[in-house]
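J.:
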Amino acid sequence: MKAVVQDRFGPPEQVLRVTDVDRPEPGPGEVLVRLRATSVNTPDWIAVAGVPYVLRLSARAKGAVRGTDVAGTVEALGAGVSGFAVGDAVIGTKWGSGFPTAGTFAEYTVTRADRLIPKPEGIGFADAAASVMSGMTAHAAVAEVFAAGPGQRILVNGASGGVGTFAVQIARHRGAEVTAVCGPANLDLVRGLGAARAIDYTATDFTAGPDRYDAILDNVLNHPPRRVLRALASGGVYLPNSIGNSGGLLAGLAKMAGATLLGAAGRADVRSVDGGFTPERLTAVADLVASGAVRPVIDRTYPLEETPAAVARMYSHRARGNIVITMGE
Ligand SMILES: NC(=O)c1ccc[n+]([C@@H]2O[C@H](COP(=O)([O-])OP(=O)(O)OC[C@H]3O[C@@H](n4cnc5c(N)ncnc54)[C@H](OP(=O)(O)O)[C@@H]3O)[C@@H](O)[C@H]2O)c1
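Residue numbers (UniProt numbering): 1 to 329.
1) Suppose you measure from the CA of K255 to the CA of N241; what does that come to, to the nearest Å?
2) Count the other C-beta atoms from every protein chain shown that fall within 10 angstroms of the C-beta of D214, then say buried if there are 16 or more, exposed otherwise.
3) Determine the extent of the alpha helix (DSSP H) in which R227 is found, giving its start and end residues.
4) Which whole runs of the beta strand (DSSP E) in the segment 230-256 are 3 residues long or more, in chain order?
5) Got a sec: does ligand 1 put a non-hydrogen atom nearer than 7 Å to the Cβ of G275?
6) Assuming contact is defined by CB atoms lying nearer than 8 Å, are D200 and P210 in contact in what I supplied?
7) Buried or exposed: where does G27 fall if 16 or more other Cβ atoms within 10 Å of its Cβ makes it buried?
8) Go through the segment 66-150 residue by residue and report every complete run of the beta strand (DSSP E) that reaches 3 residues or more, in order.
9) With a cut-off of 8 Å, do at least 3 Cβ pairs link the segment 66-74 to the segment 116-135?
10) List the endpoints of the continuous beta strand (DSSP E) containing P303.
11) Can you have a look at V54 and say buried or exposed, based on whether 16 or more other CB atoms are within 10 angstroms of its CB?
12) Take R60 and list the residues in its own chain whose beta-carbon comes closer than 8 Å to its own, dropping the five residues that flank it on each side.
13) Quick check on the DSSP output: the alpha helix (DSSP H) that includes T179 runs from which residue to which?
14) Return the CA-CA distance between V86 and R281, expressed in angstroms with no decimal places.
15) Can you check DSSP and say which residues form a bridge with Q169?
16) Report the residue from L221, P24, A180 whose alpha carbon sits nearest the alpha carbon of L77.
17) Return helix, strand or coil for V156, following the three-state DSSP convention.
18) Answer with buried or exposed for S160, where buried requires no fewer than 16 other C-beta atoms within 10 angstroms of its C-beta.
19) Quick check: what's the CA-CA separation for N41 versus T179?
20) Whose CA, out of V90, E30, T207, lies closest to the CA of A79?
21) Taking the beta carbon of G252 as the centre, do at least 16 other beta carbons fall within 10 Å, making it buried, or is it exposed?
22) What residue range does the alpha helix (DSSP H) around R313 cover?
23) Just to check my reading of the structure: L217 and V142 have Cβ atoms closer than 8 Å, yes? What is that Cβ distance to the nearest angstrom?
24) Could you tell me the boundaries of the alpha helix (DSSP H) in which E25 lies?
25) How about residue 332 and A126: are their beta carbons less than 8 Å apart?
26) Flag I243 as yes when its Cβ comes closer than 7 Å to any non-hydrogen atom of ligand 1, and as no otherwise.
27) Any heavy atom of ligand 1 closer than 7 Å to the CB of A195?
28) Do you know whose CA, among R197, V190, V237, A259, lies nearest H223's CA?
29) Would you mind stating whether T109 and V5 have Cβ atoms separated by less than 8 Å?
30) Note down the Cα distance separating N322 from V163, rounded to an integer number of angstroms.
31) At the level of alpha carbons, what is the spacing between P43 and G149?
32) For T307, does the count of other Cβ atoms within 10 angstroms reach 16, so buried, or fall short, so exposed?
33) Once the 5 residues before and after A89 are set aside, which same chain residues still bring their CB inside 6 Å of it?
34) Any heavy atom of ligand 1 closer than 7 Å to the beta-carbon of S131?
As structure tokens, then:
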């Protein structure tokens with residue numbers, strides 16, 4: 001089968017190549033999925049770039065196939081798998097225990113059956129793939145960790161990215177009033193997704209303004225967390241959720257740690273967001289998409305052969321919504 005194999009850590013277009021590799025076999029409890037689409041997410045650019053270098057001590061590069069999000073059809077079942085049949089359309093993830101080395105940037109992948117759900121008929125494979133990590137993270141943030149609802153004001157920083165475009169729509173659908181922060185080119189995009197107000201971060205610093213929010217989902221952490229807290233209403237919740245789409249991974253991790261410490265010190269209600277897979281969470285996202293309440297925003301769809309460019313686009317941190325890779329018919 002064709003797969004995108006990593007040779008070493010470095011710039012995506014220099015270290016990823018499309019080649020033929022053996023098709024994997026499903027073991028007990030696993031499913032072989034013929035992929036129809038996947039998407040590119042934060043773990044992918046981190047695992048490919050290998051920055052910061054300390055990461056390279058724990059993650060293998062040579063021969064790795066990256067990619068976490070699964071959208072495709074069941075090709076074969078491993079021993080003991082029930083509930084799925086060959087030919088079923090499924091969505092799910094390979095994320096869960098570190099960076100995948102036999103991931104979804106390929107024509108086929110093997111994943112645990114308990115990390116798959118049936119794909120609703122009303123969703124195409126590209127939209128399904130776009131909805132997995134981004135959709136689950138956004139859902140965890142604004143529907144679970146903070147249950148957005150009518151009468152609440154929520155600010156989404158990084159509203160035009162993969163997670164942000166889902167978060168704006170999910171919070172709005174739940175009845176909250178959404179303020180979306182993004183770059184000047186994306187103001188119309190986020191307004192179209194239901195944001196009541198759109199703030200251009202190149203012109204306005206939301207942490208310095210008079211407005212106060214019941215929750216702030218921070219997908220960028222481009223402001224010191226201490227300053228972000230100023231924009232919280234009394235009893236408001238801060239959801240720091242970025243390990244480095246501005247300022248690099250080390251800076252992102254340090255700011256995340258700083259935000260957590262502010263919470264531990266009682267300065268504010270600071271809650272972490274774990275967008276990991278649960279069948280209930282992915283089903284909730286898929287149902288929102290299938291019903292039309294939420295529309296996955298796709299920056300661009302790349303064929304599998306152009307995966308290096310797709311990962312480079314993610315690494316630019318400038319994608320509008322989600323980056324999708326398709327494997328053809
Ligand atoms: N908790 C979890 O389980 C989980 C899972 C996945 C991801 N994440 C985190 O979620 C975050 C967002 O992920 P994503 O896929 O949405 O990333 P993304 O698509 O790269 O985020 C892009 C967004 O970041 C904004 N941005 C980039 N650089 C900026 C800067 N210097 N200043 C202000 N805004 C800037 C962009 O604004 P414009 O392009 O409009 O300028 C855009 O809104 C990541 O940092 C990641 O660490 C968490």
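We put the CB at the ideal spot given by N, CA and C, even for glycine.
T.: Looking at the atomic coordinates:
1) As a working mapping, residue 255 is identified with position 255 in the sequence shown. As a working mapping, residue 241 is identified with position 241 in the sequence shown. Taking the straight line from one Cα to the other gives about 10 Å.
2) Position 214 of the sequence shown, counted from the first residue, corresponds to residue 214. It counts as buried.
3) Here residue 227 is taken as the residue at index 227 of the sequence shown, counted from 1. Where R227 is concerned, the enclosing alpha helix (DSSP H) stretches over 225-228.
4) 232-240
5) Position 275 of the sequence shown, counted from the start, is the residue given in the question as residue 275. G275: yes, Cβ under 7 Å from ligand 1.
6) Mapped onto the sequence shown, residue 200 falls at position 200. Mapped onto the sequence shown, residue 210 falls at position 210. Cβ distance not < 8 Å, so D200 and P210 don't count as in contact.
7) Residue 27 sits at position 27 when you count from the first residue of the sequence shown. Exposed, since its Cβ has fewer than 16 Cβ neighbours within 10 Å.
8) 69-77, 89-93, 108-112, 116-118
9) yes
10) The residue you call residue 303 lines up with position 303 of the sequence shown. Its beta strand (DSSP E) spans residues 298-303.
11) Residue 54 sits at position 54 when you count from the first residue of the sequence shown. When all chains shown are included, V54 counts as exposed.
12) Taking the sequence shown and counting its residues from 1, one reaches residue 60 at position 60. Within the same chain, R60 has close Cβ partners T101.
13) What you label residue 179 is simply residue 179 of the sequence shown in a count that begins at 1. Looking at the DSSP string, T179 is not in any alpha helix (DSSP H); the run it does join, the beta strand (DSSP E), is 177-182.
14) Numbered from 1 along the sequence shown, position 86 holds the residue referred to as residue 86. Numbered from 1 along the sequence shown, position 281 holds the residue referred to as residue 281. Their backbone Cα atoms lie some 24 Å apart in a straight line.
15) Taking the sequence shown and counting its residues from 1, one reaches residue 169 at position 169. None; Q169 has no bridge partner.
16) Looking up residue 77 in the sequence shown gives position 77. It is P24.
17) Reading the sequence shown from its first residue, position 156 is the one you call residue 156. Here V156 sits in strand by DSSP.
18) The count along the sequence shown starts at 1 and reaches residue 160 at position 160. So S160 counts as buried.
19) The residue given as residue 41 occupies position 41 in the sequence shown. The residue given as residue 179 occupies position 179 in the sequence shown. Straight-line Cα distance between these residues: approximately 24 Å.
20) As a working mapping, residue 79 is identified with position 79 in the sequence shown. Out of V90, E30, T207, E30 has the C-alpha closest to the C-alpha of A79.
21) In the sequence shown, the residue the question calls residue 252 occupies position 252. It counts as buried.
22) The count along the sequence shown starts at 1 and reaches residue 313 at position 313. Looking at the DSSP string, the run of the alpha helix (DSSP H) that includes R313 is 307-315.
23) Taking the first residue of the sequence shown as 1, we reach residue 217 at position 217. Taking the first residue of the sequence shown as 1, we reach residue 142 at position 142. With a Cβ gap of about 6 Å, L217 and V142 count as contacting.
24) Looking up residue 25 in the sequence shown gives position 25. Here E25 belongs to no alpha helix (DSSP H), and DSSP marks it neither H nor E.
25) The requested residue 332 is not part of the displayed model; the chain covers only 1 to 329.
26) Here residue 243 refers to the residue found at position 243 of the sequence shown. Yes, since a heavy atom of ligand 1 falls inside the 7 Å radius drawn around the Cβ of I243.
27) Taking the sequence shown and counting its residues from 1, one reaches residue 195 at position 195. Not under cutoff, so the answer is no.
28) Locating residue 223 in the sequence shown gives position 223, where the first residue counts as 1. Of the listed residues, the one whose Cα sits closest to H223 is A259.
29) Looking up residue 109 in the sequence shown gives position 109. Looking up residue 5 in the sequence shown gives position 5. Not closer than 8 Å, so no.
30) Taking the first residue of the sequence shown as 1, we reach residue 322 at position 322. Taking the first residue of the sequence shown as 1, we reach residue 163 at position 163. The alpha-carbon atoms of N322 and V163 are separated by roughly 8 Å.
31) Against the sequence shown, residue 43 aligns to sequence position 43. Against the sequence shown, residue 149 aligns to sequence position 149. The straight-line gap from Cα to Cα measures roughly 30 Å.
32) Counting from one through the sequence shown, the residue named residue 307 turns up at place 307. Under this definition T307 is a buried residue.
33) As a working note, residue 89 is residue 89 in the sequence shown. Same-chain partners within the cutoff: T73, K119.
34) Position 131 of the sequence shown, counted from the first residue, corresponds to residue 131. Incorrect: S131 has no Cβ contact closer than 7 Å to ligand 1.
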